[in-house]
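Q: One structure follows; several queries about it will come next.
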Amino acid sequence: MLSNFQLLFDFPVLNIELLLNGLMIGGIFALAAYGLALVWGVMNVKNLAQGDFVIMGGYIAFVVYKELGINPLWALPVAGIVMFGFGWLLYGLVIRWVIGRDLFTSLLATFGMAIVIQQLLNLIFGPDVQTADSGLGTQLFLDSVPVQEIRVLSLAIAGILALMVILFMKNSRMGQAIRATAQDPRAAKIMGIDTDRVYAFTYSLNAAICGVAGVLISMIWVIQPFYGIGHSIRSFVIVVAAGLGNLPGVIISALGLGALEQYGGFGFGTEFQQAIVVGLLILVLIVRQIMQARHRQVVQ
Amino acid sequence: MAAMIEVRNVSKAFGGVQANRSISLDVAKGKITGLIGPNGSGKTTLFNSIVGYHPIDEGSIKFEGKEISKLRVPQIARLGMLRTFQQTRIYGKMNCIKNMLISVPHRSMGLIEIFGDHSAQELEKAEHLLEFVGLYAKRKLQAGDLSFGQQKLLEFAMALMNQPQILLLDEPTAGINPTLINGLIDRLKRANTEFGITLFVIEHNMRVIMNLAENIYCLAHSELLAEGSPETIQKDKRVIDAYLGAH
Amino acid sequence: MSTSRRTLGLYGGIAIASLVAPFVFDSYISQLTVLWVMVLFAITWDAMGGQMGYNSLGNIFFFGAGMYISAVVQIGLHYDVAEYTAAYGAIKVDFTPAQYHVGLVLGTIVAALGSVALAVALSWVVFGLRGPYFAIGTLGVALAAGELVGAWEYVGAGSGISLPVFPGEPEVGERFFYFAFFIAAVLSFFFFRWLYGTRFGLAINAIRDDEEKAEAMGIRTMRYKTITWSLSAFFLGICGSLFGNYNIFIEPLEVAFATVVFGIPMVVMALLGGKGTLWGPVIGAVLYHVIKEATWKYFLGWQWVALGLLIVVTVVFFQQGIMGWAQDKWPELFGIEVEEDSAEGDREAA
Ligand SMILES: Nc1ncnc2c1ncn2[C@@H]1O[C@H](COP(=O)(O)OP(=O)(O)OP(=O)(O)O)[C@@H](O)[C@H]1O
Ligand SMILES: [Mg+2]
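Chains as they are written, first to last, in my numbering: chain H, 27 to 326; chain C, 29 to 275; chain Z, 4 to 353.
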């Protein structure tokens, strides 16, 4: 186990590879985490089905690739649209009744949804690990570090999508309505904003973002019906570490998480990768608590 | 005259808002002390600083000579300093008797005792105090079903149940039916004389505070404006200005 | 009939039914056995979530911890644990009945105490977290435990540990475990029933209703929270130890720290029956278990989808649960008074 860390000293190039891979995967984590922060901040719903939306997006890419036989990159718009509709459906069926209730309700309700999604995926696709091949090659970076082109492309796509969402939130009418509702739902309602529609849109937008992230994940990594929980926890780690409404924080934490996971997985062995993610969750919660314990008051 | 609470140069800011600026005051042992001031002048903030609700930026707070400005709410409460809330807080899903029983003093309770049952004396005391505040007939009702004024009375009774040395009351008469206010003033005075509890009272109702307190402090714009007996405060020009829209 | 005689009749009826059930319905004995496990789960969860308002999603941690602690003790009494697990079942345990029972009892005791120790240690971490952070944090603890144990070679990592088989006829073994779980569940029921009647019960209810007020009144909230969490852990540790032996084989993700199979249903059962009530968790556990077994029988393959839907529906649309609903409808039956016996109270005292 320790010898793996030794390798990192002996072959410094490995560090660059791990770091690059980590940052590129972290960029995708940032997407899902941003979606979670959006739903959490605007609707005060803690969506534990976040990772399962990601995995659903991944399976959409897998279907496009396997069944239609075309490049899974085409699944990007498909996943966005399908997941947007799926989010709208879930909002009407479940989430709408959860808004305004205590926070535990949203956690548990979305966990229930997560179970349903996992099990349906399992029934349809079986428990095998899958991946969608984008057909892109590998380049050598600095003549020695192999970099898969799809990873670079994914990071770029993630960046573009994030930019689109941010511009949308800043400039569009719906984006402004979302921000107004996040600030003060009662005031927004009085000013004639249809908050129910805003919530539905926010939730669906989140599902769409997750779906796109899932397509990218399926191309650079692997998907499996039960991998959703891992992605949900990553999103929580990132958002708790960054704090709500802190976009730069979300990006930095996401990249950091990606890199840490790569290092941890390499150093301790991949069987510890999930444990590392969950361990980090506990760690960020504790750190958050210590920061608050300096106050006399225990803050919510 | 011994001071039970000594506040010295206490300042507290929330972000950019300076809520208390270098406040110094004494609460005399065994007496009733008043705290008045326009809305937003920092009265509740000062209470919160004293009972350990939030850290203070600077200054010192002593309770019976002991520095408490670093202690937290439950520790201070166990020293015998209790507060009631401006936004009344009771345990809404329990009936009044249970609200009272849970309020027995916890300072001396050992590990074995917490698994014990409530004693007959405690029950008797709870009922007696409910009677004292006029809630005996409602003792079996869910506390959450009481009216706002009744909840305030219940909160007061719960505080008495806890046998504090000093009680900080945040606007005890707000929301109480005017016809009942005289009764409440009387009870506050009796809590002071009969149970020997020192009182420190925030109050907007001038008639009440003039009737009740022996010494009054007035805050305005986050600072201590005046101090004195009800008569001097009533005549103080600065206090009158502060209340009449110099705000 | 007086209330106490009615209660006595109720308890007597349940006791008799529970005693004869494994003999009368002996083809259902495994379902009946697990029923008591579920009842214990719901009762111990409710102490935290229902009575104290701390909604843990990670109580399953103590079940798994107890299971592993007990297994290590039982094997460790006679073998080298690392060698045993490394052999992946190639080493067959060979215990005399006396060795088996001594190991089981000893393992269960250590499991219960070990779980309590873990609860005390963890309380420093989790009770700084409030509201949703507490739920997420405890969920994290359970998931992390599953992952870490799954990577820990000493206890067999992902391939788990085989435990000794009950010495004697299989039917005897089945009944043995049925009654073991029955006793554990009944003990936990009466223990918590007693607890809720003491000062302690009132204090944790106060924490649930308004923790800040409780602190302002000088209640040592941390102490109450740690003790409640430890008591849950105690019974869950016992239950985990027994379950490992009942199942003969233990493994981290599907058996010990099984969040989806047991961890979340704990919560759902308590909600379904009515959290914060004495009988709610018991009723919820029975109902959930019956529904679960029925879906297993009739929706095979779709059972988890059905149960996931049940979770969503319960949480979103029926959170007050059966007892909560009954309490709203007939408050007098639960000793809650809504009408005022006299409106003169204030006037005369004022
Ligand atoms: N937690 C807080 N965060 C930010 N600002 C606060 C907080 N608490 C109080 N303030 C501000 O501090 C100032 C003093 O408030 P405080 O509640 O102490 O006034 P008060 O004298 O009790 O008024 P009132 O008579 O209306 O109760 C106000 O400007 C208020 O907005
Ligand atoms: Mg105030």
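Where a beta carbon is used, it is the ideal one built from N, C-alpha and C, also for glycine. The structure presented is a predicted model; accordingly, all values stated were derived computationally and were not measured.
Out of curiosity, what's the CA-to-CA distance linking K278 of chain Z and P255 of chain Z?
A: Near 28 Å, if we compare the C-alpha coordinates of P255 of chain Z and K278 of chain Z.
Q: Rounded to whole angstroms, what is the Cα-Cα separation between L102 of chain H and G163 of chain H?
A: Roughly 19 Å between the two C-alpha positions.
Q: Please classify V108 of chain Z: is it buried, with 16 or more other beta-carbons within 10 angstroms of its beta-carbon, or exposed?
A: Exposed.
Q: If contacts are defined as beta-carbon pairs under 8 Å, then I261 of chain C and C246 of chain C qualify, I think. What distance do you get, rounded to the angstrom?
A: Rounded, the Cβ-Cβ distance is 6 Å, consistent with contact.
Q: If we define contact as Cβ-Cβ less than 8 Å, is A135 of chain H a contact residue for chain Z?
A: Closer than 8 Å: yes.
Q: Can you round the beta-carbon distance between I125 of chain C and K168 of chain C to whole angstroms, since I take them to be within the 8 Å contact cut?
A: With 8 Å as the limit, I125 of chain C and K168 of chain C qualify as a contact, their Cβ atoms being about 7 Å apart.
Q: When you compare the CB of N58 of chain Z with every CB in chain C, is at least one pair closer than 8 Å?
A: Judged by the 8 Å Cβ criterion, N58 of chain Z is not in contact with chain C.
Q: Short check: CB of I308 of chain H to CB of V144 of chain Z, under 8 Å?
A: Against a cut-off of 8 Å, the Cβ pair of V144 of chain Z and I308 of chain H comes out as a contact.
Q: Output the boundary residues of the alpha helix (DSSP H) element that contains E218 of chain Z.
A: Its alpha helix (DSSP H) spans residues 202-219.
Q: Here's the rule: buried if 16 or more other CB atoms are within 10 angstroms of the residue's CB, otherwise exposed. What is F42 of chain C?
A: Its Cβ having fewer than 16 others within 10 Å, F42 of chain C is exposed.
Q: Determine the chain Z residues that contact V80 of chain H at a beta-carbon separation under 9 Å, and present them in chain order.
A: Per Cβ cutoff of 9 Å: no residues; V80 of chain H is ~17 Å from chain Z at best.
Q: Going by other Cβ atoms of all chains shown within 10 Å of its Cβ, with 16 needed for buried, is F192 of chain Z buried or exposed?
A: Answer is buried; the Cβ neighbour count reaches 16.
Q: Can you give the Cα-Cα distance for F55 of chain H and F110 of chain H, rounded to whole angstroms?
A: For F55 of chain H and F110 of chain H, the distance between alpha carbons rounds to 19 Å.
Q: Are the Cβ atoms of Q300 of chain H and E156 of chain Z separated by less than 8 Å?
A: No, Cβ-Cβ distance for Q300 of chain H and E156 of chain Z is not below 8 Å.
Q: Between E351 of chain Z and V161 of chain C, what straight-line distance do the alpha-carbon atoms span, to the nearest angstrom?
A: Because the pLDDT of E351 of chain Z is 39, which lies under 50, any placement of that residue in the model is unreliable, and the question is left without a value.
Q: Could you check whether the Cβ of A208 of chain H sits closer than 8 Å to any Cβ belonging to chain A?
A: The structure shown has no chain A; the protein chains it does contain are H, C and Z.
Q: Just checking: is the beta-carbon of M326 of chain Z within a distance shorter than 8 Å of some beta-carbon in chain C?
A: Closer than 8 Å: no.
Q: Short of 6 Å in beta carbon distance, which residues of its chain neighbour G414 of chain H, apart from the five on each side in sequence? Order them along the chain.
A: Residue 414 of chain H is absent from the structure shown; chain H starts at 27 and stops at 326.
Q: Please name the residue or residues paired with N47 of chain H in a DSSP beta bridge.
A: DSSP lists no partner for N47 of chain H.
Q: Quick check on H292 of chain Z: buried or exposed, where buried means 16 or more other Cβ atoms within 10 Å of its Cβ?
A: That one is buried.
Q: Would L205 of chain Z count as contacting chain C if we go by Cβ distances under 8 Å?
A: Chain C, which has a Cβ nearer than 8 Å to the Cβ of L205 of chain Z, makes this yes.
Q: Below 7 Å, is the gap between the Cβ of T221 of chain C and the nearest heavy atom of ligand 1?
A: It does not: the Cβ of T221 of chain C is nowhere closer than 7 Å to a heavy atom of ligand 1.
Q: Would you call the CB atoms of Q76 of chain H and G53 of chain H closer than 8 Å?
A: No, Cβ-Cβ distance for Q76 of chain H and G53 of chain H is not below 8 Å.
Q: Whose C-alpha, out of C:G58, C:A154, C:H249, is nearest the C-alpha of F190 of chain C?
A: A quick correction: the sequence has Asn, not Phe, at residue 190 of chain C. Comparing Cα positions, the closest option is C:A154.
Q: Throw me the rounded Cβ distance for the G283 of chain Z and I325 of chain Z pair, which I believe falls under 8 Å.
A: Going by Cβ atoms, the distance from G283 of chain Z to I325 of chain Z rounds to 7 Å, so yes, they are a contact pair.
Q: Can you pull out the residues from the region 132-144 of chain Z whose beta carbon lies closer than 7 Å to at least one beta carbon of chain H?
A: Of all residues in the region 132-144 of chain Z, L132, R133, G134, P135, Y136, A138, I139, G140, G143, V144 have a Cβ within less than 7 Å of some Cβ in chain H.
Q: With DSSP run on the structure shown, which of helix, strand or coil describes A41 of chain C?
A: Here A41 of chain C sits in strand by DSSP.
Q: For A56 of chain H, which of helix, strand or coil comes out of DSSP?
A: DSSP places A56 of chain H in helix when its eight states are reduced to three.
Q: At what residues does the alpha helix (DSSP H) containing S244 of chain Z begin and finish?
A: 224-250 is the extent of the alpha helix (DSSP H) around S244 of chain Z.
Q: When the Cα of M245 of chain H is compared with those of H:I86, H:V266, H:M217, which residue comes out closest?
A: Among H:I86, H:V266, H:M217, the Cα nearest to that of M245 of chain H is on H:I86.
Q: Secondary structure at K94 of chain C, three-state DSSP: helix, strand or coil?
A: Residue state, collapsed to three classes: strand.
Q: Please compile the residues from chain Z whose C-beta is within a distance smaller than 7 Å of the C-beta of L129 of chain H.
A: Result: G134, P135.
Q: Taking C-alpha atoms, which residue in H:P98, H:D159, H:P251, H:T136 lies nearest to L149 of chain H?
A: Nearest C-alpha to L149 of chain H: H:P251.
Q: Let's test the definition: count the other Cβ atoms within 10 Å of the Cβ of V258 of chain Z and tell me whether it reaches 16, buried, or not, exposed.
A: By the 10 Å Cβ count, V258 of chain Z comes out buried.
Q: Please confirm whether L147 of chain H and G134 of chain Z have their CB atoms less than 8 Å apart.
A: Not in contact: L147 of chain H and G134 of chain Z (Cβ atoms no closer than 8 Å).
Q: Restricting to Cα atoms, I'd like to know which of Z:A20, Z:M41, Z:G16 is closest to A188 of chain Z.
A: Closest by alpha carbon: Z:M41.
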